[in-house]
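Down below is the structure, laid out as structure tokens.
Number of protein chains: 2
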Amino acid sequence: MNNLQDKLHYTFQNPARLEEALTHKSAGRLNNERLEFLGDAVLNLVIADALLKQHCKLKEGVLSRMRADLVKGETLAKLAQTIDLGAHIKLGAGERKSGGQARTSILADALEAILGAVYLDGGILSAQKVTLALYENELKHAEPRKDAKTTLQEILQAKKQAPASYEVTKTLGKQHDKAFYVTCTVGKLQSLGQGKTRKAAEQLAAEAMLEKLKKK
Amino acid sequence: MNNLQDKLHYTFQNPARLEEALTHKSAGRLNNERLEFLGDAVLNLVIADALLKQHCKLKEGVLSRMRADLVKGETLAKLAQTIDLGAHIKLGAGERKSGGQARTSILADALEAILGAVYLDGGILSAQKVTLALYENELKHAEPRKDAKTTLQEILQAKKQAPASYEVTKTLGKQHDKAFYVTCTVGKLQSLGQGKTRKAAEQLAAEAMLEKLKKK
Chain B
17 MNNLQDKLHY TFQNPARLEE ALTHKSAGRL NNERLEFLGD AVLNLVIADA
67 LLKQHCKLKE GVLSRMRADL VKGETLAKLA QTIDLGAHIK LGAGERKSGG
117 QARTSILADA LEAILGAVYL DGGILSAQKV TLALYENELK HAEPRKDAKT
167 TLQEILQAKK QAPASYEVTK TLGKQHDKAF YVTCTVGKLQ SLGQGKTRKA
217 AEQLAAEAML EKLKKK
Chain W
17 MNNLQDKLHY TFQNPARLEE ALTHKSAGRL NNERLEFLGD AVLNLVIADA
67 LLKQHCKLKE GVLSRMRADL VKGETLAKLA QTIDLGAHIK LGAGERKSGG
117 QARTSILADA LEAILGAVYL DGGILSAQKV TLALYENELK HAEPRKDAKT
167 TLQEILQAKK QAPASYEVTK TLGKQHDKAF YVTCTVGKLQ SLGQGKTRKA
217 AEQLAAEAML EKLKKK
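From first to last, the protein sequence lines are chains B and W.
For the first sequence, the numbering used here begins at 17 and goes up steadily by one.
For the second sequence, the numbering used here begins at 17 and goes up steadily by one.
Take a look at the structure:
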């Protein structure tokens, strides 16, 4: 565990917090789920803050997509591997046998839990330092990416295909708590998206369509 | 604006930040969207931290639902009204004429932007103080609520109806980026849910079903 603390550049005042962060729910009742809840919020704030300061001119929507890429499970799991986190995670017997220590979600959750534990142990500034050190490279190379509808439109244009059409096929709920269901159609292919606004549902439908086109 | 700062119990070192937070996108290019992105993250962390410390025994899923209720648009708009925020928001002419200063989303976004502005101006501890002062009552009265599937089950049991059935009607995407589409059926009624896991999609379908039953 000292090895892990070295890699994090952080020494816990109360090492029990680190242990809790390293305990997967398969290993017992005092596990890392609560710390993960906190760590997820720490991570989202630290990355939002870093992106905002690094990119003075980018709009909220672009920053939001950049952050989503940085905080998603795959990115977290990749970073967890750079500090050999899997070797330190406590798993139940079943999870251990099936190779749980290498699973994306288990690695990602444990890393978030560690950030939550550092936050409780040393405050937000310590958690920020640990996060920024882990994310140094990722933040350096983070680039704005286009939204899914724009990407889809460009792909279809390049192939000289007709543009995608979007149709709201269903709405549920009341004024402030609506769900929109949108169907995206490209030729004979259809994909679905659901969101709190029409725009959000269209983006999700476009993302699903991009997945379908990749598989073709 | 001094009046508003009094109500927030915070005085800005750089009042331009407060002005930016109060400028809706309809009023100009330098508006509060970037600050709202940051403030949303500040709010999520401060509330996660407060709930975690206040409720030592509650599981992550319960805390997560409690937070969702506290940070949603309606709650933010209600709190915005307690400090008479609408009167200070700068809107474009069209939005002003149509009563934008009273709209839930405009109030909620501006309040989040203010939290982002306080964070930039005075650091996380100042932002935490302002947030906790605003949320004092809400946090005091926050209660665990059951998840949508459980609530639906209890309602149907009380009415002596058959339980809801859930069916995955579609899955899209690959291993780590899946979307599940679930249909919930209660008698002749059907509702849809989409999520990254089967469980999440079922919960959303159950929420949609609860909405439908309310309207009946």
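Every residue gets a Cβ at the ideal spot worked out from N, C-alpha and C, and that includes glycine.
Given the structure is predicted, the values throughout are model-derived calculations rather than measurements.
- With contacts defined by Cβ atoms closer than 9 Å, L67 (chain W) and L59 (chain W) do not form a contacting pair.
- For K165 (chain B), DSSP assigns no beta-bridge partner whatsoever.
- In terms of beta-carbon proximity, G189 (chain W) lines the interface with chain B, with at least one pair separated by less than 9 Å.
- In terms of CA proximity to G209 (chain B), B:A164 leads the group B:A164, B:Q177, B:K230 and B:Q173.
- Inter-segment contact for the stretch 195 to 213 of chain B and the stretch 140 to 154 of chain B is absent: fewer than three beta-carbon pairs are separated by less than 8 Å.
- Rounded to whole angstroms, the Cβ separation of A195 (chain B) and A224 (chain W) is 6 Å, and the two are in contact under 8 Å.
- If you ignore the 5 residues before and after L74 (chain W), its C-beta comes within less than 7 Å of the C-beta of P160, all in its own chain and listed in chain order.
- In the three-state scheme derived from DSSP, where H, G and I count as helix and E and B as strand, E159 (chain B) is classed as coil.
- Look at the stretch 48 to 81 of chain W: the residues with a C-beta under 7 Å from a C-beta of chain B are E49, R50, E52, F53, L54, A57, V58, N60, L61, A64, D65, L68, K75, E76, L79 and S80.
- DSSP places F196 (chain B) inside the beta strand (DSSP E), whose first and last residues are A195 to V202.
- For G77 (chain B), the enclosing alpha helix (DSSP H) begins and ends at E76 to V87.
- The beta carbon of G110 (chain B) does not come within 9 Å of any beta carbon belonging to chain W, so the residue lies off that interface.
- For Q210 (chain W), the enclosing beta strand (DSSP E) stretches over residues L205 to G211.
- The C-beta distance from K186 (chain W) to Y197 (chain W) rounds to 4 Å, short enough to meet the 8 Å contact threshold.
- With a threshold of 16 other beta carbon atoms within 10 Å, V184 (chain W) falls short and is exposed.
- Taking a 10 Å sphere around the C-beta of N47 (chain B), we find 16 or more other C-beta atoms and assign the residue as buried.
- Below the 9 Å Cβ cutoff, chain B contributes L208 and Q210 as neighbours of Y197 (chain W), in chain order.
- L168 (chain W) places its beta carbon 9 Å or farther from that of T147 (chain W).
- Taking a Cβ-Cβ cut-off of 7 Å, the neighbours of I140 (chain W) in chain B comprise I140, given in sequence order.
- Where S181 (chain B) is concerned, the enclosing beta strand (DSSP E) starts and stops at S181 to L188.
- Shown here for A93 (chain W): same chain residues with a beta carbon closer than 6 Å to its own, the five before and five after excluded, namely T120, L123 and A124 in chain order.
- Judged by DSSP in its simplified three-state form, T39 (chain W) adopts strand.
- With a cutoff of 9 Å on beta-carbon distance, L172 (chain W) and P179 (chain W) are scored as near each other.
- The C-beta separation of I99 (chain B) from A126 (chain B) comes to about 11 Å, leaving the pair out of contact by the 8 Å criterion.
- Taking C-beta atoms as the reference points, A37 (chain B) and A129 (chain B) count as a pair closer than 9 Å.
- Taking 9 Å as the threshold, the shortest C-beta distance from Y135 (chain B) to chain W falls below it.
- With distances taken between CA atoms, A143 (chain B) lies nearest to B:D56 out of B:A84, B:Q70, B:D56 and B:K41.
- Here the alpha carbons of A217 (chain W) and E227 (chain W) stand approximately 15 Å from one another.
- When secondary structure is reduced to three states using DSSP, K94 (chain B) falls in the helix class.
- Q29 (chain W) sits exposed, since fewer than 16 C-beta atoms from the chains shown fall within 10 Å of its C-beta.
- Boundaries of the alpha helix (DSSP H) harbouring R50 (chain B): E49 to Q70, taken from the DSSP string.
- According to DSSP, K73 (chain B) shares a beta bridge with no other residue.
- Judged by their CB atoms, I63 (chain B) and R81 (chain B) are not nearer to each other than the 9 Å cut-off.
- Leaving aside the five residues that flank E52 (chain B) on each side, the residues in its chain whose CB is nearer than 6 Å to its CB run, in chain order, D125, E128 and A129.
- No residue range can be given for T27 (chain B), since it is assigned to no alpha helix (DSSP H) and is classified by DSSP as neither H nor E.
- The beta-carbon of L220 (chain B) is placed less than 9 Å from the nearest beta-carbon of chain W.
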